[in-house]
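Have a look at the structure below, then the notes.
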Amino acid sequence: AQSVAQPEDQVNVAEGNPLTVKCTYSVSGNPYLFWYVQYPNRGLQFLLKYITGDNLVKGSYGFEAEFNKSQTSFHLKKPSALVSDSALYFCAVPLDYKLSFGAGTTVTVRA
Amino acid sequence: EPEVTQTPSHQVTQMGQEVILRCVPISNHLYFYWYRQILGQKVEFLVSFYNNEISEKSEIFDDQFSVERPDGSNFTLKIRSTKLEDSAMYFCASSEGYPARTFGSGTRLTVV
Chain X
1 AQSVAQPEDQ VNVAEGNPLT VKCTYSVSGN PYLFWYVQYP NRGLQFLLKY ITGDNLVKGS
61 YGFEAEFNKS QTSFHLKKPS ALVSDSALYF CAVPLDYKLS FGAGTTVTVR A
Chain L
1 EPEVTQTPSH QVTQMGQEVI LRCVPISNHL YFYWYRQILG QKVEFLVSFY NNEISEKSEI
61 FDDQFSVERP DGSNFTLKIR STKLEDSAMY FCASSEGYPA RTFGSGTRLT VV
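Structure representation (structure tokens):
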């Protein structure tokens with residue numbers, strides 16, 4: 001079955017430092033992969049997606065993600081984190097009509 | 001940018017009562033979805049809806065749940081007799097097709 005896994009429940013970084021949120025996938029064929037962010041008491045906001053093409057995908061708010069087929073990973077990255085990036089991040093993969101989400105990673109960026 | 005709108009943002013209801021959660025999808029979208037997120041847990045798929053019928057539903061979506069598109073613009077989720085464990089954030093989403101979709105900001109349902 002198509003699924004994604006987020007191995008880290010929490011990631012803590014200092015403002016200005018690089019941020020990486022990990023996601024690995026188990027997908028047959030060519031995967032579609034998504035990242036969403038949920039700010040406190042807010043809905044899910046789309047960050048970026050990988051459909052095909054360049055392995056490095058650029059998205060909203062300065063985020064990017066690298067698709068790595070050999071490692072079956074799609075890690076989310078930001079070169080310099082901001083305190084306002086503190087949120088819950090979800091990796092997702094489409095499965096038939098639905099999106100299957102990872103368990104989520106809580107990112108805390110300290111000033 | 002077009003948005004998916006959900007109302008109310010927060011609803012409190014007594015156990016056993018019926019609730020209707022409302023959503024206005026993006027106007028040219030054809031596929032509609034409901035998801036839920038119990039506090040601190042992952043986002044779970046409930047149901048997808050296309051061409052005026054359910055296209056897929058999860059095990060969570062039992063006989064207590066129903067969806068409707070009553071007037072061509074609204075998309076509703078009804079829970080007939082709420083239970084404490086129905087307390088969650090409910091997200092509506094819509095899409096033109098596969099695979100991306102746009103989510104609303106959610107309705108927080110609290111069953112007391």
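Each protein sequence line maps, in turn, to chains X and L.
FYI, the numbering for the first sequence is 1 to 111, going by my numbering.
FYI, the numbering for the second sequence is 1 to 112, going by my numbering.
Glycine included, C-beta positions come from ideal geometry on N, C-alpha and C.
- Interface criterion not met: the Cβ of F63/X is under 8 Å from no Cβ in chain L.
- When the alpha-carbon of G106/L is set against those of A88/L, V112/L, E96/L and S95/L, the nearest one is in A88/L.
- When DSSP states are grouped into helix, strand and coil, L84/L belongs to the helix group.
- Close CB contacts of P31/X within its chain, under the 6 Å cut and outside five residues either way in sequence, are with Y25 (chain order).
- When only Cα atoms are considered, S73/L and Y33/L end up about 14 Å apart.
- Using a Cβ distance threshold of 8 Å, G16/L and T82/L count as a contacting pair.
- Contact note: A87/X does not reach chain L at a C-beta cutoff of 7 Å; the least C-beta distance is about 14 Å.
- Here the alpha carbons of N52/L and G104/X stand approximately 32 Å from one another.
- In this structure the segment 1 to 15 of chain L does not touch the segment 16 to 24 of chain X; the number of beta carbon pairs closer than 8 Å is below three.
- By the C-beta density criterion, A93/L is buried, having at least 16 other C-beta atoms within 10 angstroms.
- Three or more beta-carbon pairs separated by less than 8 Å are not found between the segment 19 to 36 of chain L and the segment 55 to 65 of chain X, which leaves the two stretches without contact.
- At least one CB of chain X lies nearer than 8 Å to the CB of G106/L.
- Rounded to whole angstroms, the separation of the alpha carbons of V67/L and L46/L is 10 Å.
- With distances taken between CA atoms, F74/X lies nearest to F90/X out of A81/X, D85/X, F90/X and S86/X.
- For the set L109/L, Q11/L, F91/L and R108/L, the Cα lying nearest the Cα of Q45/X is the one of F91/L.
- The Cβ of E59/L sits no closer than 8 Å to any Cβ of chain X.
- V4/L carries a coil assignment under DSSP once its states are collapsed to helix, strand and coil.
- Remark: C-beta atoms of V4/X and G102/X approach each other more closely than 8 Å.
- At least one CB atom of chain L sits nearer than 8 Å to the CB of L44/X.
- In this structure, L48/X lies near W35/X, with their beta-carbon atoms less than 8 Å apart.
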